[in-house]
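Per our numbering, the sequence shown starts with residue 24, numbered consecutively. The beta carbon of each residue, even a glycine, is placed where N, CA and C say it ideally should be. Before any comments, here is the structure.
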Amino acid sequence: MQAKLSTLTANVHGAFSVQINALQSALTTLHTAAKGASNGSNSVAKVRTAADGVTTATANLGTAFAEAGCIGGD
């Protein structure tokens with residue numbers, strides 16, 4: 024997903040940068056939490072919270088796309 028997000032970032036030339044940066048940050052947080060859970064330093068609750076952050080950031084990016092007319096509609 025990180026690679027696809029990097030491609031998206033390059034393709035939109037700075038548009039939606041706030042939402043894209045938030046999603047990149049949320050993905051990094053999730054990666055760190057999952058890695059910590061696998062070695063026992065983080066709990067499953069931290070992973071769940073991080074996953075919720077990815078869900079929220081993804082929804083916010085989708086909303087920004089929709090508001091800009093990039094997706095949805097007929």
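Excluding the 5 residues preceding and the 5 following residue i in the sequence, name in chain order all residues of the same chain whose CB lies nearer than 7 Å to its CB.
i, result
"GLN19", "Past the boundaries of the shown model lies residue 19; the chain is included only from 24 to 97, so the question cannot be answered."
"THR52", "ALA73 and GLY76"
Going straight from the alpha carbon of residue i to that of residue j, what length do you get?
i, j, result
"ILE94", "HIS54", "28 Å"
"GLY85", "THR30", "16 Å"
"ASN83", "ARG71", "18 Å"
"THR79", "SER61", "24 Å"
"SER66", "THR81", "23 Å"
Among the candidates the options, whose CA atom is the shortest distance from the CA of residue i?
i, options, result
"ILE43", "ALA57, ALA56, LYS58 and LYS27", "LYS27"
Short of 8 Å in beta carbon distance, which residues of its chain neighbour residue i, apart from the five on each side in sequence? Order them along the chain.
i, result
"VAL35", "ILE43"
Does the CB of residue i have a neighbour CB from chain B at under 9 Å?
i, result
"GLY85", "This model lacks chain B altogether, as it is built from one protein chain only."
At a cut-off of 8 Å, is residue i close to the ligand FMN when judged by its beta-carbon and the heavy atoms of the ligand?
i, result
"LEU84", "The ligand FMN is absent from the structure shown, which contains no ligand whatsoever."
Q | Continuous alpha helix (DSSP H) assignments of at least 4 residues falling wholly in the region 24-89 | A | List check, alpha helix (DSSP H) in window: 25-35 and 40-61.
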